[in-house]
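Just below is one structure, and these are the notes that go with it.
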Amino acid sequence: MQKEEAPQAVIAGIDEAGRGALAGPVVAGACILPAGIPPPRFIRDSKQLTPAIREQAFAWIAAHCAFGYGIVQATFIDSNGILPATERAMQEAVVMLTTKKHPTYLLVDGRDTFWFDYPHSAIINGDALEPCIAAASIVAKVTRDRLMIELDSTFPMFGFAVHKGYGTPQHIAAITTTGPSPVHRQTFLSSIQTTTSGPSQKAAAYTPDHA
Numbered sequence: 012m013q014k015e016e017a018p019q020a021v022i023a024g025i026d027e028a029g030r031g032a033l034a035g036p037v038v039a040g041a042c043i044l045p046a047g048i049p050p051p052r053f054i055r056d057s058k059q060l061t062p063a064i065r066e067q068a069f070a071w072i073a074a075h076c077a078f079g080y081g082i083v084q085a086t087f088i089d090s091n092g093i094l095p096a097t098e099r100a101m102q103e104a105v106v107m108l109t110t111k112k113h114p115t116y117l118l119v120d121g122r123d124t125f126w127f128d129y130p131h132s133a134i135i136n137g138d139a140l141e142p143c144i145a146a147a148s149i150v151a152k153v154t155r156d157r158l159m160i161e162l163d164s165t166f167p168m169f170g171f172a173v174h175k176g177y178g179t180p181q182h183i184a185a186i187t188t189t190g191p192s193p194v195h196r197q198t199f200l201s202s203i204q205t206t207t208s209g210p211s212q213k214a215a216a217y218t219p220d221h222a
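Residue numbers (this note's numbering): 12 to 222.
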């Protein structure tokens, strides 16, 4: 009688982008790499890649991998905090992933322990150590960068297409001059003094497409 082989583990990597930004959502990515196909050299920590190479890597992921992403807006971050927002984004990414393929184990970048329906572990610098986490970091980063470029057309005064919502001198100067927009994280801006009492009429009327 032939001995049955144990089922192969299906490992998904999980990572986020935008956790430290002053504006825009926090976005998480989840990715399962294909079995038997070595990942290309550009599947590595998204921070080490140029925007053009990240887009190339994302195209490879879309063609060969099961992946998902989750998007949590600044309003949720302000109401609940960045850690619960990051957890929610990661959970949403896993839910989207499972519409394509179910993992048996999750590898999550970082030191924080979040709640998932699957067994998991956190790995510090996981995006540099585990290819599946690196792929998830690319999904998260590319998805978020595209969203910030879209927001730049709505709020061109802030330069979101350039800095993606992070606290560059250009960005802080724009907040100081014009006041924050609805996509800014008010709880992240306590040290920035503005010269205006509130957002512009266009900014006040903005409603995000994603929850």
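Just so you know, even glycine gets a beta-carbon here, dropped at the ideal spot from N, CA and C. Since this is a predicted model, take the numbers as computed values, not measurements.
Is the beta carbon of residue 155 less than 8 Å from the beta carbon of residue 38?
Yes, Cβ-Cβ distance for residue 155 and residue 38 is below 8 Å.
Which residues mark the beginning and the end of the alpha helix (DSSP H) in which residue 56 is found?
Neither: residue 56 is in no alpha helix (DSSP H) and is coded neither H nor E.
Can you give me the Cβ contacts of residue 29 inside the same chain, cut-off strictly under 7 Å, excluding the 5 residues immediately before and after it?
These residues qualify, in order along the chain: 35, 36, 37, 38, 155 and 176.
Mind checking which residues open and close the beta strand (DSSP E) that includes residue 22?
It spans 22-28 - the beta strand (DSSP E) in which residue 22 sits, taken as one unbroken run.
List the whole-angstrom C-beta distance separating residue 69 from residue 42, where the pair is believed to meet the contact cut-off of C-beta under 8 Å.
Not confirmed; about 10 Å, so no contact.
Across which residues does DSSP place residue 34 in a beta bridge pair?
Answer is 195.
Below 7 Å CB to CB, which residues in the same chain sit around residue 85 once its five sequence neighbours on both sides are set aside?
Excluding residues within five positions, the ones whose Cβ falls inside 7 Å are 34, 35, 36, 194, 195 and 196.
Take the Cβ of residue 47 as the centre, count every other Cβ of all protein chains shown within 10 Å, and call the residue buried at 16 or more, exposed below.
Its Cβ having fewer than 16 others within 10 Å, residue 47 is exposed.
Which same chain residues, not among the five before or five after residue 139, have their C-beta less than 6 Å away from its C-beta?
Closer than 6 Å at Cβ, skipping near neighbours: 56.
How about residue 151 and residue 160: do their beta carbons lie closer than 8 Å?
For residue 151 and residue 160, no; Cβs fall outside 8 Å.
Which residue's Cα is closest to the Cα of residue 127: 116, 137, 87 and 167?
With distances taken between Cα atoms, residue 127 lies closest to 116.
Ends of the beta strand (DSSP E) at residue 120?
Looking at the DSSP string, the run of the beta strand (DSSP E) that includes residue 120 is 116-120.
Starting from residue 75, follow the beta strand (DSSP E) in both directions and report where the run begins and ends.
Careful: residue 75 lies outside any beta strand (DSSP E), inside the alpha helix (DSSP H) at 62-75.
Using DSSP's beta-bridge definition, name the partner residues of residue 131.
Residue 131 is bridged to 117.
Can you give the beta carbon distance from residue 179 to residue 203, rounded, assuming they're within the 8 Å contact cut?
12 Å between Cβ atoms; not a contact.
May I have the straight-line CA-CA distance separating residue 163 from residue 31, to the nearest angstrom?
Distance between the alpha carbons of residue 163 and residue 31: 18 Å.
Please identify the residue among 20, 27 and 111 whose C-alpha is closest to the C-alpha of residue 133.
Closest by alpha carbon: 27.
Looking only at its own chain, which residues have a Cβ that is under 8 Å from the Cβ of residue 181, when we skip the five neighbours before and after it?
Only 170, 173 and 174 meet the Cβ criterion.
By how many angstroms is the C-alpha of residue 54 removed from the C-alpha of residue 142?
Cα to Cα, the separation comes out at about 6 Å.
Which one of 113, 146, 112 and 98 has the shortest CA to CA distance from residue 123?
Of 113, 146, 112 and 98, the residue nearest in Cα terms is 98.
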